[in-house]
Amino acid sequence: MPQNATVLPATVRKIPRHVAVIMDGNGRWARERGLNRVDGHRRGVESVREIVRTAGECGVEYLTLYAFSVENWNRPKNEVKVLMRLLEQFLRDEVPELMKNNVRLHAIGRLTDLPGSVQEQLHKSIEALRNNTGLNLILALSYSGRVEITEAVRSILREISLGHLDPAQVDEKVISQNLYTRYYPDPDLLIRTSGEMRLSNFLLWQMAYTEIHITPVLWPDFRKPQFLAALEDYSKRNRRFGKI
Numbered sequence: 323m324p325q326n327a328t329v330l331p332a333t334v335r336k337i338p339r340h341v342a343v344i345m346d347g348n349g350r351w352a353r354e355r356g357l358n359r360v361d362g363h364r365r366g367v368e369s370v371r372e373i374v375r376t377a378g379e380c381g382v383e384y385l386t387l388y389a390f391s392v393e394n395w396n397r398p399k400n401e402v403k404v405l406m407r408l409l410e411q412f413l414r415d416e417v418p419e420l421m422k423n424n425v426r427l428h429a430i431g432r433l434t435d436l437p438g439s440v441q442e443q444l445h446k447s448i449e450a451l452r453n454n455t456g457l458n459l460i461l462a463l464s465y466s467g468r469v470e471i472t473e474a475v476r477s478i479l480r481e482i483s484l485g486h487l488d489p490a491q492v493d494e495k496v497i498s499q500n501l502y503t504r505y506y507p508d509p510d511l512l513i514r515t516s517g518e519m520r521l522s523n524f525l526l527w528q529m530a531y532t533e534i535h536i537t538p539v540l541w542p543d544f545r546k547p548q549f550l551a552a553l554e555d556y557s558k559r560n561r562r563f564g565k566i
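Residue numbers (this note's numbering): 323 to 566.
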């Protein structure tokens, strides 16, 4: 076993197949320390690196990170510009680390909203890691749950208008097959940092039966111990999916 490999506590009896994370608190972390919000985002990248590595070592198959929402475009232009620069840098510089950890990269959202250079680097990184067989890292970029569902409805209506689909055939499976996440299982566990108690327009359809873990820890301080605590909390849950 590698020197710093994750050893699961005995209390972690089951591992969620798919973990989704709302990474919240970068700005607050910076403000509490008298720093610029950008410093919080940079520190947050370190948390991403550690959680991706830890999730893979724990046997999680899918990790979806809410990296940038459609609503985030409304932030100050300078902050958005810096965030896009950090994203492009992450996509470029983290490839060796992701390759070493056998991580495969995916992305969901309105990816064409991203700057051209970011789209290009995203494509390059996805291609570089496409043959890996470990953790599937899914970045939600320019993502909105409501937009995703709206686009799925439009896609289904288009199939109906072309005569390829009978309206009577539209069920939950058909809707799921038209979502960005059509190739991935629904999340078993949602982790939200910074103590906020809301979904923030994230994976609204997919999280119908997801277990939710809220931590007051701000994202830049969320590391391996906090992730293992979330897995321990998940292990205590009895997932009945509406059954007795």
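All residues carry an ideal CB built from backbone N, CA and C; glycine is no exception. On a predicted model such as this, the values are computed, not experimentally measured, just so you know.
Pull up the distance between the alpha-carbon of A377 and that of D415, whole angstroms please. Numbered from 1 along the sequence shown, position 55 holds the residue referred to as residue 377. Numbered from 1 along the sequence shown, position 93 holds the residue referred to as residue 415. When rounded, the distance between both Cα atoms is 20 Å.
For L387, the residue or residues it bridges with in DSSP: Here the question's residue 387 lines up with position 65 in the sequence shown. Note: L387 is bridge-paired with V343 and L461 in the DSSP secondary-structure output.
Just to confirm my understanding: we take P338, look at its own chain, exclude 5 residues before and 5 after, and list those with CB closer than 6 Å. What are they? Start at 1 with the first residue of the sequence shown, and residue 338 comes out as number 16. Here the set comprises D510, L511 and Y556.
Length of the line joining the Cα atoms of R520 and V343: Translated into positions along the sequence shown, residue 520 becomes position 198. Translated into positions along the sequence shown, residue 343 becomes position 21. Answer to the nearest angstrom: the Cα atoms are 12 Å apart.
Take the Cβ of H363 as the centre, count every other Cβ of all protein chains shown within 10 Å, and call the residue buried at 16 or more, exposed below. In the sequence shown, the residue the question calls residue 363 occupies position 41. Under this definition H363 is a buried residue.
So, at 6 Å on beta carbons, what are the nonlocal neighbours of L526 in its own chain, with the 5 sequence-adjacent residues on each side left out? For the purposes of this step, residue 526 is identified with residue 204 of the sequence shown, where counting begins at 1. Listed in chain order, the non-local C-beta contacts of L526 below 6 Å within the same chain comprise G467, local neighbours out to five positions each way being set aside.
Given M421, which residues of its chain have a CB within under 8 Å of its CB, disregarding the five upstream and five downstream residues? Counting from 1 along the sequence shown, the entry for residue 421 is found at position 99. Closer than 8 Å at Cβ, skipping near neighbours: A450, L451 and N454.
Tell whether a beta-carbon distance below 8 Å holds between N394 and G366. Reading the sequence shown from its first residue, position 72 is the one you call residue 394. Reading the sequence shown from its first residue, position 44 is the one you call residue 366. No, the pair does not count as a contact, with Cβ atoms beyond the cut-off.
Identify which residue in F390, E481 and A462 has its Cα closest to the Cα of Y384. Taking the sequence shown and counting its residues from 1, one reaches residue 384 at position 62. When the alpha-carbon of Y384 is set against those of F390, E481 and A462, the nearest one is in A462.
Would you call E379 buried or exposed, if buried means 16 or more other Cβ atoms sit within 10 Å of its Cβ? What you label residue 379 is simply residue 57 of the sequence shown in a count that begins at 1. Buried, since its Cβ has 16 or more Cβ neighbours within 10 Å.
Have a look at T333 and P547 and give me their C-alpha separation to the nearest angstrom. Translated into positions along the sequence shown, residue 333 becomes position 11. Translated into positions along the sequence shown, residue 547 becomes position 225. One Cα belongs to T333, the other to P547, and the distance between them is close to 13 Å.
I430: first and last residue of the uninterrupted alpha helix (DSSP H) it sits in: Taking the first residue of the sequence shown as 1, we reach residue 430 at position 108. For I430, there is no enclosing alpha helix (DSSP H); the residue is part of the beta strand (DSSP E) that begins and ends at R426 to I430.
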